[in-house]
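>
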Amino acid sequence: MADLLLYGHPDSGHACKVALALSLAGLAHRTTWVDMWAPADSRPAEFLANSPFAEVPLLLIDGRPFVQSGAILLEIAQRFQCLGGDTPEGLQRARELMVWEANRIGMCLPQLKEARRVKGEGYPAGAITWLTHRWHVDRQRFGQWLGDAAFFHGDRPGVGDCAIWGYVQWLPEAGVEPTDEMLGWIARMRALPGMKSPTEMFPNG
Ligand SMILES: N[C@@H](CCC(=O)N[C@@H](CS)C(=O)NCC(=O)O)C(=O)O
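Letter by letter, the sequence shown follows residues 0 to 204 of numbering that gives the first Met the number 0.
(1) Per the contact definition of three or more C-beta pairs closer than 8 Å, is the segment 51–64 in contact with the segment 0–10?
(2) Given F201, which residues of its chain have a CB within under 6 Å of its CB, disregarding the five upstream and five downstream residues?
(3) Leaving out five residues on either side along the sequence, give the residues of the same chain with a beta carbon under 8 Å from the beta carbon of L21.
(4) Is A20 near ligand 1, with its Cβ less than 7 Å from a heavy atom?
(5) Is the beta carbon of D154 sitting closer than 8 Å to the one on M188?
(6) What residue from D61, G62, T86 has the CA that sits closest to A73's CA?
(7) If I follow the unbroken beta strand (DSSP E) through L82, where does it start and stop?
(8) Just the C-alpha distance for W129 and E172, rounded to the nearest angstrom, thanks.
(9) Going by DSSP, which residues form a beta bridge with L59?
(10) Since G121 and I127 should fall inside the 8 Å C-beta cutoff, what is the C-beta to C-beta distance between them, to a whole number of angstroms?
(11) Buried or exposed for R63, please, with buried defined as at least 16 other CB atoms from any protein chain shown within 10 angstroms of its CB.
(12) Which whole runs of the alpha helix (DSSP H) in the segment 80–146 are 4 residues long or more, in chain order?
(13) Which of helix, strand or coil does DSSP assign to G193?
(14) Can you tell me where the alpha helix (DSSP H) holding W36 begins and where it ends?
(15) Can you tell me whether DSSP reads T31 as helix, strand or coil?
(16) Let me know if M0 comes out buried or exposed under the rule of 16 or more other beta-carbons within 10 Å of its beta-carbon.
(17) What number of angstroms, rounded off, separates the C-alpha of E95 from the C-alpha of A48?
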């Protein structure tokens, strides 16, 4: 069995995506809490040596570093033949969802959430309106991707679901409303036996 060490923080939806995938796939792993709000140079030396932008998530697989949440999810799916990575169709779906999420929901929701945290400070005039317009498109496309399926990968969740969960778990914090399809999917995700809260994923200490 591979040795898996995930660096992350409960406030990072990007890190939660990876922690969720490891948990849903039942892959034993260790986590290290990294203070993403503290100055970068105060973070653990092993983390700084392996994460080029000092960002979480960082996954070490047998000591080899993997960064960028979507790329890490694809690595997990393919290497461990899980969460959609066990068929060519599942992998194609995973790649398509990964790129969509990173370009759309994963660009929009983290910014809307952060803007609320800092009460808009530092966000230029019009930025929130622009992000909110984008969100309304993303909301509708979420339903198009999902169709009538329970999860984005069909009857069972895959790495695409993990990617989308990263920030869709925090819609109230981002100040946006879910669609009915989203509410149904969120409820199904929360009911999964491997689901964990962000602080359960990354306990501090
Ligand atoms: N594109 C990256 C984004 C990672 C990212 O933005 N990480 C943030 C937390 S959500 C971080 O580490 N911020 C701390 C910093 O930049 O100092 C991914 O998908 O993994």
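Here a beta-carbon is modelled for each residue, glycine too, at the ideal position from N, C-alpha and C.
Everything numeric in this text was worked out from a predicted model, so none of it was measured.
Taking the geometry as given:
(1) yes
(2) G7, H8, P9, T30, W32
(3) L3, L5, H28, I75
(4) no
(5) no
(6) In the sequence as displayed, the identity of residue 73 is Leu instead of Ala. Minimum Cα distance to L73 is reached at T86.
(7) It is not in any beta strand (DSSP E) - L82 carries neither H nor E in the DSSP assignment.
(8) 18 Å
(9) L4, P64
(10) Their Cβ separation, rounded to whole angstroms, is 11 Å, which puts G121 and I127 out of contact at 8 Å.
(11) exposed
(12) 87–102, 104–116, 126–145
(13) coil
(14) Taken as a continuous stretch (DSSP letters only), W36 belongs to no alpha helix (DSSP H), as it is neither H nor E.
(15) strand
(16) exposed
(17) 31 Å
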